[in-house]
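Worksheet: the structure to be examined is printed underneath.
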Amino acid sequence: MPKRADLEKKIKDYLKLYPNECVTINAMIKFLNTYPDCFERNNLFGHFTGSAWIVDDTHNWILMTHHRQLNRWLQPGGHADGNPDLLYVAINEAREETGLTKLKV
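In the working numbering, each number is its position in the sequence shown, counted from 1, plus 180.
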């Protein structure tokens with residue numbers, strides 16, 4: 181299972197590609213390093229989650245799910261429940277929420 185440091189590296193790699201997002205990204209890194217429970221939904225300051233954009237082969241269509249509590253259409257995703265492997269969380273949530281089993285990353 182990836183560790184917290186793996187996520188921090190991925191976030192920093194993202195920052196290299198999108199330096200104009202440095203304020204938001206640096207806040208994420210600070211949050212990651214400040215809160216040991218940042219992958220738990222009971223952290224009231226916030227928490228990391230995983231979500232997936234499901235796109236068809238033509239790249240013309242996306243799959244969204246309706247969130248009943250928020251009454252909004254969102255990409256599939258959900259809480260990490262302590263798991264720092266957010267790619268795993270995103271894939272697992274996408275499978276659970278859509279019923280699709282053959283997803284390409």
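Virtual Cβ for every residue (Gly too), placed ideally from N, Cα, C. Nothing here was measured: the structure is a model prediction, and the numbers come from that model.
For this session: Would you kindly report the start and end of the unbroken beta strand (DSSP E) that includes Thr229?
Result: 229 to 231
Problem set entry | Reduced DSSP secondary structure (H/G/I, E/B, other) of Leu283 | Leu283: coil per DSSP, three-state reduction.
For this session: Over the uninterrupted beta strand (DSSP E) stretch that includes Leu197, give me the two end residues.
Result: Not the beta strand (DSSP E): Leu197 falls in the alpha helix (DSSP H), residues 184 to 197.
Problem set entry | Among Phe228, Leu283, Pro216, Leu195, nearest to Asp237 - alpha-carbon criterion | Leu283
Problem set entry | Backbone secondary structure at Arg221 - three-state DSSP | Reduced to three states, the DSSP call for Arg221 is coil.
Problem set entry | Three-state secondary structure (DSSP) of Thr245 | strand
For this session: Examine the Cβ distances between the segment 216 to 233 and the segment 197 to 204 and report whether three or more of them are shorter than 8 Å.
Result: no
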